[in-house]
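Novice: If you're matching positions, the sequence shown starts at 287 in the working numbering and goes up one per residue. Positions of the beta carbon are idealized from the N, C-alpha and C atoms, including for glycine. First, the structure itself, so that you have it in front of you.
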Amino acid sequence: MVIKNLTRGLSALPLALALSLVPLLPLPAAQAAPAAPAAPVAEVTTLADAVGLLKVTEENRAGYTTSSFRHWNAGEDTADGCDTRAEVLLAEAVVAPTVGSGCKLTGGRWTSYLDGQEVTGAGSLDVAHLVALGEAWDSGASAWTAEQREAYANDQGADVSLAAVTARINRQKADKDPADWMPPSPEVQCRYTGEWVATKLRWQLTADDRELEALKVYAEGPCEDTVVRYAPVA
287 MVIKNLTRGL
297 SALPLALALS
307 LVPLLPLPAA
317 QAAPAAPAAP
327 VAEVTTLADA
337 VGLLKVTEEN
347 RAGYTTSSFR
357 HWNAGEDTAD
367 GCDTRAEVLL
377 AEAVVAPTVG
387 SGCKLTGGRW
397 TSYLDGQEVT
407 GAGSLDVAHL
417 VALGEAWDSG
427 ASAWTAEQRE
437 AYANDQGADV
447 SLAAVTARIN
457 RQKADKDPAD
467 WMPPSPEVQC
477 RYTGEWVATK
487 LRWQLTADDR
497 ELEALKVYAE
507 GPCEDTVVRY
517 APVA
């Protein structure tokens with residue numbers, strides 16, 4: 287009521303005086319900017335329950351080539367001059383390497399968890415897709431857009447999606463699923479199984495019958511206490 291009366295009073299004053307008083311009026315609040323989309327909430331569950339969430343279908347490799355997945359791209363920090371591979375190596379280094387011109391990495395030390403090997407020198411390492419590109423294609427990525435496949439191939443949004451490992455163990459792993467290959471050391475098999483399932487759930491990838499049965503063996507046996515954390519992609 288006070289503001290309305292003051293506004294009416296201003297209309298009766300000389301124009302110059304009225305304009306001089308206008309700034310005294312409270313200004314309307316600025317419209318709030320739209321809130322940024324909330325990040326997906328991480329799901330936390332047991333390995334057995336996580337395995338139960340996997341959709342089971344037959345796999346189909348038809349049409350797959352590695353070029354279907356663009357990698358490595360400019361990475362999370364497009365201004366650092368390093369591609370995704372180099373950024374993962376930097377993030378996982380036990381002893382940080384020296385970063386030279388063109389993001390050339392010199393020195394440094396890493397632990398390849400799939401085989402427990404200590405590695406010095408980035409050239410001896412692969413950055414492995416935990417769920418290999420061929421397996422992802424078989425499990426649903428064949429129906430994705432090129433942009434979705436690129437996002438998968440360069441996924442640094444989850445710590446488990448990409449791993450710096452020895453070239454030798456990555457060749458052994460290739461594009462096999464847990465029905466056909468597991469890390470040789472029992473000490474890391476539960477971690478690997480949990481990260482495999484987390485990656486599949488994060489990207490809504492499916493499993494085939496043999497894969498599911500292999501996962502159940504670990505989930506209901508030696509890895510029953512393993513916790514799975516994953517955040518579905520938006």
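#1: From the beta carbon of L400, is the nearest beta carbon of chain D less than 8 angstroms away?
#2: Within 10 angstroms of its Cβ, does D495 collect 16 or more other Cβ (buried), or is it exposed?
#3: Based on DSSP bridge pairs, tell me the residues matched to D412.
#4: Should Y438 and W489 be called a contact, given that it needs their Cβ atoms to be closer than 8 angstroms?
#5: Which residues mark the beginning and the end of the alpha helix (DSSP H) in which T406 is found?
#6: Under DSSP, the beta strand (DSSP E) around Y399 begins and ends at which residues?
#7: Closer than 6 angstroms by C-beta to E473: which residues in its own chain qualify, once you throw out the five before and the five after it? Chain order, please.
#8: Just verifying my parser: in three-state terms, what is the DSSP assignment at T392?
#9: Tell me whether the region 357–377 and the region 429–445 touch, counting them as touching only if at least three CB pairs, one residue from each stretch, are closer than 8 angstroms.
#10: I need the straight-line Cα distance from V342 to K486, nearest angstrom please.
#11: Have a look at A328, Y399, C389, R395 and flag the residue whose alpha-carbon is nearest the alpha-carbon of S471.
#12: Measuring alpha carbon to alpha carbon, tell me which of L411, A505, T479, R435 ends up nearest S354.
#13: Give every residue of the same chain whose Cβ lies closer than 6 angstroms to the Cβ of Y516, excluding the five residues on either side of it in the sequence, and list them in chain order.
#14: Is E329 helix, strand or coil when you go by DSSP?
#15: In the structure shown, what three-state DSSP assignment does R515 receive?
#16: Applying the criterion that 16 or more other CB atoms from any shown protein chain within 10 Å of the CB defines a buried residue, is A365 buried or exposed?
#17: Taking the alpha-carbon of A422 as reference, which of V337, A450, D461, A505 has the nearest alpha-carbon?
#18: Does the Cβ of R371 have 16 or more other Cβ atoms within 10 Å, making it buried, or fewer, making it exposed?
#19: Under 8 angstroms, do G393 and R347 count as touching if we go by C-beta distance?
Specialist: Looking at the atomic coordinates:
#1: Here there is only one protein chain, and chain D is not present.
#2: Answer is exposed; the Cβ neighbour count stays below 16.
#3: Per DSSP, the beta-bridge partners of D412 are V451.
#4: Taking 8 angstroms as the Cβ cut-off, Y438 and W489 qualify as a contacting pair.
#5: Careful: T406 lies outside any alpha helix (DSSP H), inside the beta strand (DSSP E) at 403–406.
#6: Run containing Y399: none; DSSP gives neither H nor E here.
#7: Shown here for E473: not one same chain residue has a beta carbon closer than 6 angstroms to its own, the five before and five after excluded.
#8: T392 falls in the strand class under three-state DSSP.
#9: With a cut-off of 8 angstroms, the region 429–445 and the region 357–377 count as touching, because enough Cβ pairs lie within range.
#10: In this model, V342 and K486 are separated by some 11 angstroms (Cα to Cα).
#11: Comparing C-alpha distances from S471 to each of A328, Y399, C389, R395 shows the shortest one belongs to Y399.
#12: For the residues L411, A505, T479, R435, the minimum Cα distance to S354 belongs to R435.
#13: Within its own chain, the residues whose Cβ lies closer than 6 angstroms to the Cβ of Y516, once the five positions on either side in sequence are excluded, are E329, A484, L487, R488, listed in chain order.
#14: Residue state, collapsed to three classes: strand.
#15: If DSSP states are grouped into helix, strand and coil, R515 belongs with the strands.
#16: With fewer than 16 other Cβ atoms within 10 Å, it is exposed.
#17: The residue with the shortest Cα to Cα distance from A422 is D461.
#18: With 16 or more Cβ atoms within 10 Å of its Cβ, R371 is classed as buried.
#19: Going by C-beta atoms, G393 is not nearer than 8 angstroms to R347.
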